[in-house]
Each structure stands twice: as C-alpha cells, then as structure tokens.
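For reference, the structure discussed in these notes is given below.
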Amino acid sequence: MKKLVKDIVKERRDYNTWVANETLEDYSLRYAPKSFRKWSEFLVANTALGGISFLALEAIGASLLISYGFANTFWAILFSGLIIFLAGVPITYYAAKYNIDMDLLTRGAGFGYLGSTITSLVYASFTFIFFALEAAIMAQALELYFHLPLAWGYLVCSVIIVPLVFYGVTLINQLQLWTQPIWLFLMVSPYIFVAYKEPESFQYWLDFAGHSASATQLNTLWFGSAVTVSFSVIAQLGEQVDYLRFLPDKTENNRWKWWLAVLAAGPGWIVLGVLKQLGGSFLASLAIAHGLAESQAKQPVQMYLGGFSDMFNDPRVVLAVVTLFVIISQVKINVTNAYAGSLAWSNFFSRLTHSHPGRVVWLVFNVAIALLLMELGVFETLEAVLGLYSNVAIAWIGAIVADLVINKPLKLSPSYIEFKRAYLYNINPVGLGSMAIASVVSIIAFLGLFGPYLQAYSSFLALGIAFILSPLLAWLTQGKYYIARKNELRDRVNLSPSLIQCSICEQHYEPADSAYCPVYQGNICSLCCTLEAHCHDSCKHTPENQLALHSPGLLSTIKDRFSPQFLKRVLRFLGGFFLLAGTSGTVLGLVFFFGVWKSSEFSVEDISLISTLCLELYSLLLVLCGIGAWWFVLSEESKELAEEELDKQNLQLQAEIKEREKTQLALRDLTRQLERRVAERTAQLSETLQDLKRTQAQLVQTEKMSSLGQLVAGIAHEINNPVSFIHGNLLHAINYVNNLLKLLDAYQQELEKTNSNITKLEDEIEVSFIQEDLPKLLNSMEAGTNRIQQIVLSLRIFSRLDEADFKVVDIHDGIDSALMILGNRLNPTSQNPGIAVIRNYGQLPLIECYPGQLNQVFMNIFVNAIDIFEEQNKRRSWEEIVQHPNQITVSTEIKQPDSILISITDNGPGIPESIQSKIFDAFFTTKQVGNGTGLGLSISYEIIVEKHQGHLNCESIVGEGTTFRIEIPVRQVGFPSS
Numbered sequence: 000m001k002k003l004v005k006d007i008v009k010e011r012r013d014y015n016t017w018v019a020n021e022t023l024e025d026y027s028l029r030y031a032p033k034s035f036r037k038w039s040e041f042l043v044a045n046t047a048l049g050g051i052s053f054l055a056l057e058a059i060g061a062s063l064l065i066s067y068g069f070a071n072t073f074w075a076i077l078f079s080g081l082i083i084f085l086a087g088v089p090i091t092y093y094a095a096k097y098n099i100d101m102d103l104l105t106r107g108a109g110f111g112y113l114g115s116t117i118t119s120l121v122y123a124s125f126t127f128i129f130f131a132l133e134a135a136i137m138a139q140a141l142e143l144y145f146h147l148p149l150a151w152g153y154l155v156c157s158v159i160i161v162p163l164v165f166y167g168v169t170l171i172n173q174l175q176l177w178t179q180p181i182w183l184f185l186m187v188s189p190y191i192f193v194a195y196k197e198p199e200s201f202q203y204w205l206d207f208a209g210h211s212a213s214a215t216q217l218n219t220l221w222f223g224s225a226v227t228v229s230f231s232v233i234a235q236l237g238e239q240v241d242y243l244r245f246l247p248d249k250t251e252n253n254r255w256k257w258w259l260a261v262l263a264a265g266p267g268w269i270v271l272g273v274l275k276q277l278g279g280s281f282l283a284s285l286a287i288a289h290g291l292a293e294s295q296a297k298q299p300v301q302m303y304l305g306g307f308s309d310m311f312n313d314p315r316v317v318l319a320v321v322t323l324f325v326i327i328s329q330v331k332i333n334v335t336n337a338y339a340g341s342l343a344w345s346n347f348f349s350r351l352t353h354s355h356p357g358r359v360v361w362l363v364f365n366v367a368i369a370l371l372l373m374e375l376g377v378f379e380t381l382e383a384v385l386g387l388y389s390n391v392a393i394a395w396i397g398a399i400v401a402d403l404v405i406n407k408p409l410k411l412s413p414s415y416i417e418f419k420r421a422y423l424y425n426i427n428p429v430g431l432g433s434m435a436i437a438s439v440v441s442i443i444a445f446l447g448l449f450g451p452y453l454q455a456y457s458s459f460l461a462l463g464i465a466f467i468l469s470p471l472l473a474w475l476t477q478g479k480y481y482i483a484r485k486n487e488l489r490d491r492v493n494l495s496p497s498l499i500q501c502s503i504c505e506q507h508y509e510p511a512d513s514a515y516c517p518v519y520q521g522n523i524c525s526l527c528c529t530l531e532a533h534c535h536d537s538c539k540h541t542p543e544n545q546l547a548l549h550s551p552g553l554l555s556t557i558k559d560r561f562s563p564q565f566l567k568r569v570l571r572f573l574g575g576f577f578l579l580a581g582t583s584g585t586v587l588g589l590v591f592f593f594g595v596w597k598s599s600e601f602s603v604e605d606i607s608l609i610s611t612l613c614l615e616l617y618s619l620l621l622v623l624c625g626i627g628a629w630w631f632v633l634s635e636e637s638k639e640l641a642e643e644e645l646d647k648q649n650l651q652l653q654a655e656i657k658e659r660e661k662t663q664l665a666l667r668d669l670t671r672q673l674e675r676r677v678a679e680r681t682a683q684l685s686e687t688l689q690d691l692k693r694t695q696a697q698l699v700q701t702e703k704m705s706s707l708g709q710l711v712a713g714i715a716h717e718i719n720n721p722v723s724f725i726h727g728n729l730l731h732a733i734n735y736v737n738n739l740l741k742l743l744d745a746y747q748q749e750l751e752k753t754n755s756n757i758t759k760l761e762d763e764i765e766v767s768f769i770q771e772d773l774p775k776l777l778n779s780m781e782a783g784t785n786r787i788q789q790i791v792l793s794l795r796i797f798s799r800l801d802e803a804d805f806k807v808v809d810i811h812d813g814i815d816s817a818l819m820i821l822g823n824r825l826n827p828t829s830q831n832p833g834i835a836v837i838r839n840y841g842q843l844p845l846i847e848c849y850p851g852q853l854n855q856v857f858m859n860i861f862v863n864a865i866d867i868f869e870e871q872n873k874r875r876s877w878e879e880i881v882q883h884p885n886q887i888t889v890s891t892e893i894k895q896p897d898s899i900l901i902s903i904t905d906n907g908p909g910i911p912e913s914i915q916s917k918i919f920d921a922f923f924t925t926k927q928v929g930n931g932t933g934l935g936l937s938i939s940y941e942i943i944v945e946k947h948q949g950h951l952n953c954e955s956i957v958g959e960g961t962t963f964r965i966e967i968p969v970r971q972v973g974f975p976s977s
C-alpha cells in the first residue's frame, strides 16, 4: 500500500483492569475466541433459553386480549411468532458460526461500521425498555408481599441485577442452570390445576371479545394492530445471539448438537414465547372472570395469583409462591437484558467516543436508564411504547435477514461476515438505507397519517420495505460498500491457529479478531482498531475513493465555489441541527400524541390550544437546537485545531526521534561490526591455538613413538647378539652333553663294581635323574632362545627402524608383530582367562605405506580392545567369562582392485552412542588420569586419513561389540614408487 497521508506516533495502549479481564468483559466489542468458548452446547443453549422467562410476554398477551379479543390476539401472536422464527434462523446461524454478537453481525450485514451504531442504540433501547417492564412487574410482586412502595421496589429490582451480571456469561450460565427447573415447574403447574378445577375458564377465554367491536370474529384492522405490538419482541433475537456466540465450533462430531442448540435457543425461543403470550391472555381472562378489573388483569402478578389460587387454599401461600415465581422469572430475564444492554452500549459509545471504560460501566448506565423509565411509569403505556418500537426493530431485523438470505446467495454481498473497522466502510447504504426508509414510512403509518389500515399494518410495512430495499440497494451499488479493503489475515483463520500479537496493546489474539494496520505497520486487534482516534481511517483511503471525491457534477461545482472549511462547517451544522431538531420534535410529538391526542380527557378546544403551545415551544426549541448545533461545530473545530497542533508537535518529535534512532542504529551497527571483527579474530586465534596444541600433541606422541622405537630397536639389537651366540652354541652343547652321557653310560656298563666313593657321589648328585633331565633342560633352553628370537624379530618389524619410512610391505606381518608384542596380555594365565585372537586373512597384495605408523594404528586399536576387556572382566565372574569368552577377530580382504579393508572386531560391551561421534576427536578421552593420554585414536585417524588417503570408521552396538574398519589404497598417489 502507498504511503499514508501522515505518520502517527505509536503509543502502547494499556486497558484498565475491567477491560483486560475477559471474565468481566466477555469480549464485548469483539469476536469470541475459541479459548473462551469452553462451555458445552447444552449449557449455552440453556443459558440462552433462560432469558425467555420474562413475564412481559404474558403482559403483552393480556394487553392484546383485552384490546382486540381472543380471535385477533390468537392469530396475531401465531403470525408474528412464525415471522420471528423464520427471521431468527439465518441471524442465529451466522452469529453462532462466526462467534459474534448482534452488533458485529449488523456491521457486516449491510450497515457499515458507523451505520450499525444506530442499530446499537435501537438494541440498547430494547434492553432497557424491557428491563424496565420486567423490573416493574417484580416490583409489583414485592409491593404485594412485602408492602414495599413501588418507587423503592424499582430501585431494589434494579440494584440486585448488577452484581449478577458483573461477571458476565460465566455467572449467568450457573444462574440459569440452577433456576431453570424451578421456573418451569412454577410456570406450567397453574395451567394444569386451572384445567382440572376450572375447565369452563378455557371456553370463557375463547369467547372473550375485549374492546374489539368484532366480538370473537377475526377483524383485519385489529389483527394488524395486534401483530404490530407482538412484533416488538423480535429484538429478543439479539439477546439470544449474545449467548449463542459462545457455542463451540461446529465439527463432524458435534454437528447435530450444534444445530439443535442453534435452532432451539435461537429462533426456537419464540415457540415458548408464543405459548407464554397465549398463556398470559388466558390468565388475564381468568383474572377478569374472577372479578378483577382490566387494568389489574394486565399485571402478571395478578394473573398468576388467580392461577395459583387453584393450587393452594391458603392465600398467604399463594401470594408467597407467586412472589417467588415472579422474582425467579424476572431475575432470569433481567440478567439477560442488562447483559445485552451492556454489550450494546459498549459498541455504541466505543465508536462515537473512541474510548472503552469497560462493559461493567455500561451495565450500570443501562440499569440506571431503566430505573428512570420505571419511575416515570412506563408500564402504563406498554402497548403504545411497544407498538412504536416494533416498527424500528422489525425494519432493522428485516434488513439483516434480507442481506443474509438474499444478498449473500446472490453474491450481492460477501459470503462471510466482516466486522472489523479496518475493512468496513463507515456507512453502507444497503442496510442502513433500507432500515431508515422502512422505519420512517412505518412510523408515519403508525401515527395514522396514512389511514387506519396502514396504521394497523405499520409493522408489515417496516418488514416488507426493508426486505425489498436491501437487495435492491445492494444491486444498485454493486455491493461495493461492504468491504473497504482486502483482509490479508482472513486466510490465516483456517490455515494457522497461531495467535497474533497486537502491536498496540501487545496482547495475543486469534487471526479472526486481528487486522493489519498500515498506519502502524503491524497487526492490530479489533478493539485497539476501534479505539484508534488519530488515524482517520487512513488505511481505507484508496485511489478509488480519491477519484470519487473529485468526480464532476454538482458536488465538484459547489466545492469550486466555496472553501472546504466553509463546506465542512455547513455540513456539520446542518447535521447537528437536524439531529437535535428531529429528536426534540419526535419526543414532543410522541408526548402530544399519546398524552393529549389519544386521551379522552381533553376537548377539541383543549387539543387545539395545546397543539399551538407545542408549536410555539418547538419553535423555541429550534432556536436552542441551532445554538447547540453551532456550539458543536465550533467545539469540533477547536478540537481539530488542537489535534492538528498536537499532530505537528508529534511529527516534529517523531522526526527528532527518528534522527536519534538513525544515529543510535549507526552506533549499534558500528559496535556490532567491531564485536564481529573481535569475535572473528578471537575465533582465528582460538583455532590456531587448537591447531598448535594438536600439532604439539602429535609431535609429543611421534617423538615418544620414535624414542620408543629406537629404544626397542636398541634393546632388540643388544639382546639379539648374546641370544644368537647362546642359541648357536646350544646345539654344540647338546651334542657334547649327549656324548658325555653316552660315555658315562658306557663306563657304568663296563665297570660292574665301582668304587664306594664313586657310588656315594652318584647317589648324592642323582646321576640317573641328571641323565634323564639334562636333555629336557637343554631342549627348554633351545625353545626359550627361539622365543626370544621371535620377539626380537617382531620388535624389529614393529619399529621398522632398520628400513625406509615408506615402502612396500605385507600388512599381515605388521598385524602379527603387534599381536606378538601384546602376547603377555592376550595369553591366558591362572588369573587371566586370556583373549582369543581369530585371524581371517585374505590374499592381499603388498601395500605401499608407512609400516611403522600403520603398526602404531594396529597397536592402538588392540590396546583399546584389551583395556575394555580387562575393565569388563572386573565386573564379571569367572563362570561368565568362561561362558562368554573374550575374542578379537582380525579380517582382511581386497575391497576394490586398488584398496584393501582391515576389520578388527571385538565382542566387548560396545561404545555408547553419546561417545561414538567423539572417539576420533583430538584431546577426547575416557581414560582416567594415569591410564594414558587417550590420543591414540585421534592420531590413528590422522595416520589413516591424512597419511594414507584412506578411511577409518567405527561401528559399535552396546552389549554386542565394536568393529574398526581400516580402508587404505594399495598404491599411494604422489610417491615415487607408485
């Protein structure tokens, strides 16, 4: 998106405790997230149905019966109930599907962001009007039972509701759950006992004519008037929606329960509502049959006194039960009225004032207005108030239903509900226009200006006009006023369940409750977007809108002739003036119509005089309205000038902050570069140091091996000379001894009788034993000298100091020499079971290599294996060692035509996986101090890989053994001999 009109200084928004605590707030201005919707379908539906306990339904039915008779009342209630049910299906479905309240649903169903403030006001009016009616009924019960004056009863009935609604749906759920069985029992039982004891009362009800001139016959005029009054409860759908938005998501597993909850607690409430209205009309006829005046028979308390009198004989018990029933019923409905009102006022004022003190504040405000209405006696004008109100309410509902069931299927409006300010036009003429026109026409008809029939059917006009105009206006505008700009985050609602952090309040919200704000260049939650007062909807200033502002015609001509400031003043003045004049005129007209024109107490002359006084008073009010409108214009200009000055200062401050941020970023970058250079140099030095240490260790090890080789070669040379002399002379000595023994034997045979001294000496030196053992002794000496010669030869082969460093050798000789040197650790003894060595030698060619270094590799691997066996033997018994003897297998083979493979395998305990990857690392060792350096395998790896261009790897399984594989080429590339 292109650069916006102006920059805004970002400022973090912190909400007060009431707003931040969603247990109190109940997401009053936003989508209900999945994490909060923790209740079952049954509990949510039960809570929503708990609101239909209001006794105003019975009062409406009684008022209609007395005014229009049974026939007109019965069919009017059924017909209005059918229309309300049909209207409720799409409304409750979309609200439950998108988890939004009535106001958010209205925004996206053709009214626009600011256009729905009017419906919020209508909805709020519904809640406090019915709150006042229900509380007035409860106050009547308190007056009868406790003799509490009505004025004080109104106060008590209002105040006790506030703490019950303070914690929102969390507490209301429990209240409705526990009171529902009691309420149902007390509501149904009177009808059962009346039917048993006074069955004739039903016939009296059917024959009741009331004030209707048509007696028990259906009269189209009275029928229409009755329908208009009964339609007034249509706004109750909004209160059902306020609870159904907390339903869990619809899935394959819960789809039947979800639909049952939506239909039963959504449009289904009117089924019980119709029964309650009819029941109220029946109880009113019963009360009149018992001799009660019509004015008292309209009161639900008096109705149920007659019904419960057939259940109990004691009047005190009847009064107590009726009082209990009325209190439970009215508390159940008024918590819903107060809760819905707090949501409606929150939505209304948040958009007008860009502030939100919390739902609890508007809860108290709503209850206070209802208390004022009660003190003014609203119950006395019930029929007139509801008749007027129903025209506006049904026009509102009709426009919404038309958008949901006609515009969306015909693709005249988006298929989804968009409720966020960032993506909506302020005014959508589709819903708002159709509602406004339908309301004005129906109210004019209701006041009788179009004749008695259209007066009676004013509600039908409201419904029909709104229902027809909505798709017509959507078609004419091509639906372009629904979505102001594309919602970039909408696809994430289904693709990613991860939360999105708001860049303003820094809380985390679901994608459905978030928007992208190009002004702040980050994501923003719907509440922060609603309360933003400085952006002036800059995100929706598209090129198309700018083109529309500069289109030719009358508007551009006017703009060319007058300054923009003048036009703004005129438009503001006219808007404020007509709003104040219209409101005051409506109030004054209603007072005159219901207080004077409809009253029988005034004569024609009195009415004429009062009308003249009203006109004079209205003229004076128009002057005051003009002054008020001009004061509003000036105050708004002053406010805008102050805001512009603050914006300029903020922009200057922001520019300075940006410069300092640039300097700080430059310093930070420089610091990071220096730190990176230092880190690189440190890493280089560290690597060089490690190389030096490794080289030093290799030199030490090489020097040790060189010295050891020289020492071994020297010792072997020194031993070899005397051993060769001894071994060479032993043959002659054996021959000499054998000859002497033969001579001695011949002397013994020739001299039969020897000298006694000779005989004595023979016995002392055991000549016979010497003759037998001396040859054996000489043979042992010969075997010993042979063994010494083999060891000396192995030492000479292992050290290779008498040969060139690089030459062609037989690998097997090096392996055998290493095993020969380690013979003392391999051969069994009385204390050591020994280690068996299995040689699986293949036919190998002579190999070009460094034989001394290769012998060192073999020695290191064999020594490691022997060390592991010896450690293992310390933990095993002699029997375990005999059953599972230690064994080393050496195998050689030609791997490829130009390389050989040497495998050295032991059946020891194996090497743990955590160590296997480190065994060839420099300076890594598992040996304890004093048991070697542990550098053998590291040096062996370098000898094989670097010196001989080969491969050395290790495979080990814990508990089974270890295999070292050495692969080296037959010919070394780069050497002269190759």
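Take 0 as the starting number for the sequence shown in numbering that gives the first Met the number 0 and just add one per residue. Where a beta carbon is used, it is the ideal one built from N, C-alpha and C, also for glycine.
Exercise. Rounded C-beta distance between aspartate 530 and serine 345? I'm assuming under 8 angstroms.
Worked result: The residue you call residue 530 lines up with position 531 of the sequence shown. The residue you call residue 345 lines up with position 346 of the sequence shown. According to the sequence shown, residue 530 is leucine rather than aspartate. About 11 angstroms; that fails the 8 angstroms criterion.
Exercise. What are the start and end residues of each continuous beta strand (DSSP E) run of 3 or more residues lying completely inside the region 800 to 836, in chain order?
Worked result: 806 to 808
Exercise. Where does serine 555 fall in DSSP's three states?
Worked result: As a position in the sequence shown, residue 555 is number 556, starting the count at 1. At serine 555 the pLDDT is 48, less than 50, meaning the model places this residue with poor confidence and gives no usable figure here.
For this session: Could you tell me how far apart the beta carbons of glycine 279 and alanine 61 are, in whole angstroms, since I believe they sit closer than 8 angstroms?
Result: Counted from its first residue, the sequence shown places residue 279 at position 280. Counted from its first residue, the sequence shown places residue 61 at position 62. That belief holds up - the Cβ atoms of glycine 279 and alanine 61 are roughly 5 angstroms apart, short of 8 angstroms.
For this session: Determine contact between the region 83 to 90 and the region 321 to 331, defined as no fewer than three beta-carbon pairs at a distance below 8 angstroms.
Result: no
Problem set entry | Extent of the continuous beta strand (DSSP E) to which glutamate 531 belongs | Along the sequence shown, read from residue 1 onward, the residue named residue 531 stands at position 532. It is not in any beta strand (DSSP E) - glutamate 531 carries neither H nor E in the DSSP assignment.
For this session: Please confirm whether threonine 219 and lysine 331 have their CB atoms less than 8 angstroms apart.
Result: In the sequence shown, the residue the question calls residue 219 occupies position 220. In the sequence shown, the residue the question calls residue 331 occupies position 332. Going by C-beta atoms, threonine 219 is not nearer than 8 angstroms to lysine 331.
For this session: Can you say whether arginine 420 is buried or exposed, counting buried as having 16 or more other CB atoms within 10 angstroms of its CB?
Result: In the sequence shown, residue 420 corresponds to position 421, counting from 1. Flag for arginine 420 reads buried.
Exercise. In the structure shown, what three-state DSSP assignment does lysine 479 receive?
Worked result: In the sequence shown, the residue the question calls residue 479 occupies position 480. Of the three classes helix, strand and coil, the one that applies to lysine 479 here is coil, per DSSP.
For this session: Please determine if the region 299 to 316 and the region 106 to 124 are in contact, where contact requires at least 3 C-beta pairs separated by less than 8 angstroms.
Result: no
Exercise. Can you tell me whether DSSP reads lysine 485 as helix, strand or coil?
Worked result: Along the sequence shown, read from residue 1 onward, the residue named residue 485 stands at position 486. Lysine 485: coil per DSSP, three-state reduction.
Exercise. How is threonine 888 classed by DSSP in three states: helix, strand or coil?
Worked result: As a position in the sequence shown, residue 888 is number 889, starting the count at 1. It is a strand residue.
Exercise. Quick check: the region 230 to 240 against the region 122 to 129, are there 3 or more CB pairs under 8 angstroms?
Worked result: yes
For this session: Pull up the distance between the alpha-carbon of leucine 77 and that of valine 273, whole angstroms please.
Result: Stepping through the sequence shown from its first residue, residue 77 is reached at position 78. Stepping through the sequence shown from its first residue, residue 273 is reached at position 274. In a straight line, the C-alpha of leucine 77 is about 7 angstroms away from that of valine 273.
Exercise. From what residue to what residue does the alpha helix (DSSP H) around glycine 305 run?
Worked result: Taking the sequence shown and counting its residues from 1, the one referred to as residue 305 is at position 306. Where glycine 305 is concerned, the enclosing alpha helix (DSSP H) stretches over 299 to 307.
For this session: Would you mind sorting glutamine 301 into buried or exposed? The rule is 16 or more other CB atoms within 10 Å of its CB.
Result: Sequence index remark: in the sequence shown, residue 301 carries index 302 (1-based). With 16 or more other Cβ atoms within 10 Å, it is buried.
Exercise. Between serine 706 and glutamate 771, what straight-line distance do the alpha-carbon atoms span, to the nearest angstrom?
Worked result: As a first step, residue 706 is located in the sequence shown; it is residue number 707 there, counting from the start. As a first step, residue 771 is located in the sequence shown; it is residue number 772 there, counting from the start. Bear in mind that the predicted position of serine 706 carries a pLDDT of just 48, short of 50, making it unreliable; the figure below should be weighed with that in mind. Answer to the nearest angstrom: the Cα atoms are 47 angstroms apart.
Exercise. What do you reckon, are the CB atoms on glycine 909 and valine 957 nearer than 8 angstroms?
Worked result: Residue mapping note: residue 909 aligns to position 910 of the sequence shown, counting from 1. Residue mapping note: residue 957 aligns to position 958 of the sequence shown, counting from 1. In this structure, glycine 909 sits near valine 957, with a CB-CB distance shorter than 8 angstroms.
For this session: Just the C-alpha distance for leucine 48 and alanine 150, rounded to the nearest angstrom, thanks.
Result: Counted from its first residue, the sequence shown places residue 48 at position 49. Counted from its first residue, the sequence shown places residue 150 at position 151. Their Cα atoms are separated by approximately 30 angstroms.
Exercise. In terms of residues, what are the limits of the beta strand (DSSP E) holding glycine 111?
Worked result: Residue mapping note: residue 111 aligns to position 112 of the sequence shown, counting from 1. Run containing glycine 111: none; DSSP gives neither H nor E here.
Exercise. Looking at C-alpha atoms only, which residue of Val360, Asn98, Asn71 and Ala108 is the closest neighbour of phenylalanine 222?
Worked result: Looking up residue 222 in the sequence shown gives position 223. Considering only alpha carbons, the answer is Asn71.
Problem set entry | Rounded separation between glutamate 655 and phenylalanine 572 - CA only | Along the sequence shown, one-based indexing puts residue 655 at 656. Along the sequence shown, one-based indexing puts residue 572 at 573. Roughly 39 angstroms between the two C-alpha positions.
Problem set entry | Buried or exposed by the 16-neighbour rule on C-beta atoms within 10 Å, applied to asparagine 756 | In the sequence shown, the residue the question calls residue 756 occupies position 757. So asparagine 756 counts as exposed.
Problem set entry | Rounded straight-line distance, which links the Cα of phenylalanine 805 to that of tryptophan 877 | On the sequence shown, residue 877 is found 878 positions in, with the first residue counted as 1. On the sequence shown, residue 805 is found 806 positions in, with the first residue counted as 1. Looking at the two C-alpha atoms, the distance is approximately 45 angstroms.
For this session: Ignore the nearest five residues each way along the sequence and tell me which others in threonine 556's own chain have a CB closer than 8 angstroms to its CB.
Result: Residue mapping note: residue 556 aligns to position 557 of the sequence shown, counting from 1. At threonine 556 the pLDDT is 49, less than 50, meaning the model places this residue with poor confidence; the figure from the coordinates comes in the next sentence. For threonine 556, where only same-chain residues beyond five positions count, there are no Cβ hits under 8 angstroms.
For this session: Identify, in the order they occur along the chain, each residue of the same chain with its Cβ nearer than 7 angstroms to the Cβ of tryptophan 74, setting aside the five sequence neighbours on each side.
Result: Position 75 of the sequence shown, counted from the start, is the residue given in the question as residue 74. The residues are Leu217 and Phe222.
Problem set entry | Cβ pair leucine 393, serine 458 closer than 8 angstroms | Walking along the sequence shown from the start, residue 393 turns up at place 394. Walking along the sequence shown from the start, residue 458 turns up at place 459. In the sequence as displayed, the identity of residue 393 is isoleucine instead of leucine. Yes, these two residues count as a Cβ contact at 8 angstroms.
For this session: Can you say whether arginine 254 is buried or exposed, counting buried as having 16 or more other CB atoms within 10 angstroms of its CB?
Result: Locating residue 254 in the sequence shown gives position 255, counting from the first residue. That one is exposed.
Exercise. Can you list, in chain order, the stretches of the alpha helix (DSSP H) that have 4 or more residues and sit fully within the region 112 to 162?
Worked result: Qualifying alpha helix (DSSP H) stretches, in chain order: 115 to 145 and 149 to 158.
Exercise. In chain order, what residues of the same chain lie with their CB nearer than 6 angstroms to the CB of cysteine 156, ignoring the 5 residues before and after it?
Worked result: The residue given as residue 156 occupies position 157 in the sequence shown. Ala134, Met137 and Ala138, listed in sequence order.
Exercise. Which class does glutamate 763 belong to by DSSP, given the choice of helix, strand or coil?
Worked result: As a working note, residue 763 is residue 764 in the sequence shown. Three-state DSSP puts glutamate 763 in a helix.
Problem set entry | Contact set for leucine 120: own chain, Cβ-Cβ below 6 angstroms, skip 5 residues either direction | Taking the first residue of the sequence shown as position 1, residue 120 is located at position 121. So the qualifying residues of the chain are Phe347.
For this session: Hey, could you find the ends of the alpha helix (DSSP H) isoleucine 865 is sitting in?
Result: Your numbering for residue 865 matches position 866 in the sequence shown. Where isoleucine 865 is concerned, the enclosing alpha helix (DSSP H) stretches over 850 to 873.
Exercise. Would you say alanine 473 and asparagine 365 are within 8 angstroms of each other, going by their C-beta atoms?
Worked result: Residue 473 sits at position 474 when you count from the first residue of the sequence shown. Residue 365 sits at position 366 when you count from the first residue of the sequence shown. Alanine 473 places its beta carbon 8 angstroms or farther from that of asparagine 365.
Problem set entry | isoleucine 860 to aspartate 815 span [Cα, whole Å] | Along the sequence shown, read from residue 1 onward, the residue named residue 860 stands at position 861. Along the sequence shown, read from residue 1 onward, the residue named residue 815 stands at position 816. Each residue's alpha carbon lies about 14 angstroms from the other.
Exercise. Are the beta-carbon atoms of valine 518 and cysteine 538 separated by less than 8 angstroms?
Worked result: Numbered from 1 along the sequence shown, position 519 holds the residue referred to as residue 518. Numbered from 1 along the sequence shown, position 539 holds the residue referred to as residue 538. The answer is yes: Cβ separation under 8 angstroms.
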